[in-house]
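Here's the structure we're looking at; comments come further down.
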Amino acid sequence: MSPSAIALTLIFVIVACGSALGFYAGTRHKMSLEQWTVGSRGFGPLLMWLLMAGEIYTTFSFLGASGWAYSRGGPALYILGYLPLSYVISFFILPPVWELGRQHGLQTQPDFFLAQYRNKYLAALVAVVGVVCLIPYLLIQLIGLGIIVEIASFDVIGRTQAMVIAVMLLSGFVFVSGIRAVAWVSVPKDILMVLASVTIGIAIPGIYFGGVGRMFSALARAHPTHLVMPGSTANLGHSWYISSVLLSALGLSMWPQNFGATFTARSAETIRRNCIVMPMYNLSLAFIFFAGFTAYLVIPGLANGDLSMLTLVRKTFPAWMLGLLGGAGALTAMVPAAVHILTASTLFSKNLWRPMFAPEMTDDQVAKLARAVVVALGLVSLIVAIYSSITLVSLLLLGYAGVTQFFPGVVLGIFWKRVTMPGVFGGLIAGVACAAVLILSNHDPFQGINAGFLAVCLNFAIVVLVSAATRSRPGVLRPAATGR
Amino acid sequence: MNRPSLPAVVVALIPFCAICFSVSVWDRIYPMVLGLPFNFFWLLAWIVLTSVCLWIVYRIESGRNSE
Chain V
855 MSPSAIALTL IFVIVACGSA LGFYAGTRHK MSLEQWTVGS RGFGPLLMWL LMAGEIYTTF
915 SFLGASGWAY SRGGPALYIL GYLPLSYVIS FFILPPVWEL GRQHGLQTQP DFFLAQYRNK
975 YLAALVAVVG VVCLIPYLLI QLIGLGIIVE IASFDVIGRT QAMVIAVMLL SGFVFVSGIR
1035 AVAWVSVPKD ILMVLASVTI GIAIPGIYFG GVGRMFSALA RAHPTHLVMP GSTANLGHSW
1095 YISSVLLSAL GLSMWPQNFG ATFTARSAET IRRNCIVMPM YNLSLAFIFF AGFTAYLVIP
1155 GLANGDLSML TLVRKTFPAW MLGLLGGAGA LTAMVPAAVH ILTASTLFSK NLWRPMFAPE
1215 MTDDQVAKLA RAVVVALGLV SLIVAIYSSI TLVSLLLLGY AGVTQFFPGV VLGIFWKRVT
1275 MPGVFGGLIA GVACAAVLIL SNHDPFQGIN AGFLAVCLNF AIVVLVSAAT RSRPGVLRPA
1335 ATGR
Chain G
1345 MNRPSLPAVV VALIPFCAIC FSVSVWDRIY PMVLGLPFNF FWLLAWIVLT SVCLWIVYRI
1405 ESGRNSE
């Protein structure tokens, strides 16, 4: 077999097996809205872990971590910094969110805002901001998938073909199995990703320099400034690092898909235990950094740093390794893309369409609508991903800054009795507007500080000030004692 | 909702100090540890230590709730 045939076969086998698992995952369950969106709140520690790990390790961490190590150097360390801290925050916030969800049958993030603040317009605004932030994230997965499969198949499958096949498969398994599909496809994805990244991260520095330590020594001699902040950038220094780590740590569990995943857990205990273990899983990211730093020495000068790891792997390894990486990379894009589509469809159908235009709809009708939206959204995002050349990374940064604006409403809703609906409404609008203006006008970082972080500070200030000036929530809902 | 106890919050703040606020202290290449630049080693070590801190928080909180 020719190298491209070997790589191609492996990619197809991996993607086909992963997708088959996704279709199978839901076949034994009747797909009500509750089952489709939150797996009937029945996920134990293992499925919950797979879901959390599956959602967080996306093509952005896969291509982006090596890409940042390659093109920016030291500032890439913020990725290793914010992930463990985000679980510290989740440890305190998500169990009460889960508790409220169990008491009131919540399925989505806007549901939570509706239960806390009793205002359907606030919930609809949360849904709109959530969907708008999710779409660039979804597009990044699709475009990343196209790039990975194209390089890994030695250019036999084009980007467009790869994206078309992947979207058909993932819309299919989301349509059939809902959130269960996402957890189950994560099984092969996580195993392959950890295997591939550890192998690559150890083998590549080993082959070119005789070991990770020697690679770093060579890098420290040749380019000492690349390894510390601001690395090969002009303005990503320490104040940027602190503000970005804080913003991202606050924001991670505020992504609608991660927030919603909370409701799949069987108990608050499941969530707490997962938050304790999850930081350790980040150690596998270190190996991806090794590959990116090696690429900086071996193949300098690439215009697109995100391609550095794949290019180096193609140059270094036999075809089967490339096929394995291509298949793993494709699943790494498909799992998050599937959960983005599922979440965006549910937000649109349940929290936007029904309350605003069709209040008489039943849950079953909402489930039908959401599944139709999955197919429509799959098609639309496919078309945008094929025909657009916009720089999505900046849109994703805007997305991160956007979803973090939910944080004050969530955390104050849980822990501060005096917070009011107008306060949260005003804070959310001000925060989103501030982040959008600063980022879209290329003022991120602003005075060396992450623009989204400044926006969330403004948001907090407005929530507190307006809440102090308005009356407290009528008939406030809050979780009773923690459900242990 | 029970608010977290003060000791739990203090332990939870340790990773924030180590990983985030103290960046200018540890963001350096030397001394290299285990072949890694110091900043890289520091963060990897704190990934493990963050799990340890959360486990301690968990013990503090579950001890409090069972009383």
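As you go down the protein sequences, you meet chains V and G in turn. Just add 854 to the spot in the first sequence (first one is 1) and you have the working numbering. Just add 1344 to the spot in the second sequence (first one is 1) and you have the working numbering. Using N, Cα and C, we set each Cβ at its ideal position, and we do this for glycine too.
For the 8 angstroms CB-CB criterion, A1182(V) and K1043(V) form a contact.
With 16 or more other Cβ atoms inside 10 Å of its own Cβ, Y932(V) counts as buried. Under DSSP, L934(V) shares a beta bridge with no residue. Judged by beta-carbon spacing, C1288(V) lies within the 8 angstroms limit of L1308(V), meaning their Cβ atoms are closer than that value. Interface criterion not met: the Cβ of A1389(G) is under 8 angstroms from no Cβ in chain V. Contact check for F967(V) against G1263(V) passes: the beta carbons are separated by less than 8 angstroms. Judged by DSSP in its simplified three-state form, V1082(V) adopts coil rather than helix or strand. Judged by DSSP secondary structure, T1186(V) falls within the alpha helix (DSSP H) whose first and last residues are A1173 to T1200.
Contact check for F1382(G) against P1375(G) passes: the beta carbons are separated by less than 8 angstroms. The three-state reading of DSSP puts I1363(G) in helix, counting H, G and I together. In this structure, G1232(V) sits away from S1031(V), with a CB-CB distance that is not shorter than 8 angstroms. Close CB contacts of T1165(V) within its chain, under the 8 angstroms cut and outside five residues either way in sequence, are with I1005, A1149, I1153 and L1156 (chain order). For L1137(V), at least one C-beta of chain G is nearer than 8 angstroms to its own C-beta.
Looking at the DSSP output, V1021(V) sits in no beta bridge, so it has no partner there.
Residue contact check for L1380(G) against chain V: a CB pair falls below 8 angstroms. Cβ proximity to chain G below 9 angstroms picks out G1065 and V1066 from the segment 1048-1066 of chain V. Exclusion of the five residues before and after G1285(V) leaves Q1259, A1309, V1310, L1312 and N1313 as the residues of its chain whose Cβ lies within less than 7 angstroms of its Cβ.
P1351(G) is classed as exposed because its beta carbon has fewer than 16 other beta carbons within 10 Å across all chains shown. Within chain G, Y1402 have C-beta atoms less than 8 angstroms from the C-beta of R1126(V), given in sequence order.
Check the Cα spacing between S925(V) and each of V1273(V), S1086(V) and A1322(V): the tightest is with S1086(V). Residue contact check for F946(V) against chain G: a CB pair falls below 8 angstroms. At a C-beta separation below 8 angstroms, L1398(G) has these neighbours in chain V: Y941, V942, F945, C1129, I1130 and P1133. Of the candidates L1252(V), V892(V) and V1028(V), the residue whose Cα lies closest to the Cα of N1304(V) is L1252(V). Flagged as an interface residue toward chain G: Y1095(V), by a C-beta distance shorter than 8 angstroms.
Of all alpha-carbon atoms in G898(V), Y941(V), Q970(V) and I997(V), the one lying nearest the alpha-carbon of V951(V) is that of Q970(V). For D1371(G), no alpha helix (DSSP H) segment is defined, and its DSSP state is neither H nor E. Put simply, the CB of S1349(G) is far from chain V, with every gap to its CB atoms at 8 angstroms or more. Out of P1299(V), A1140(V), G921(V) and W1109(V), the CA that lies nearest to the CA of V1392(G) is found in A1140(V). 8 angstroms or more divides the Cβ of A1323(V) from the Cβ of I1293(V). When W903(V), L1185(V), L939(V) and V892(V) are compared, the shortest CA-CA separation from L1398(G) is found for L939(V).
Contact annotation, A1187(V) with L948(V): C-beta distance approximately 26 angstroms; criterion of less than 8 angstroms not satisfied. Using a Cβ-Cβ distance cut-off of 8 angstroms, the segment 858-869 of chain V and the segment 1192-1203 of chain V are not in contact, since fewer than three pairs of beta carbons, one from each stretch, lie closer than that value.
Around H1092(V), the beta-carbon contacts reaching into chain G at under 8 angstroms are V1367, S1368 and D1371.
Where A1322(V) is concerned, the enclosing alpha helix (DSSP H) starts and stops at A1305 to A1323.
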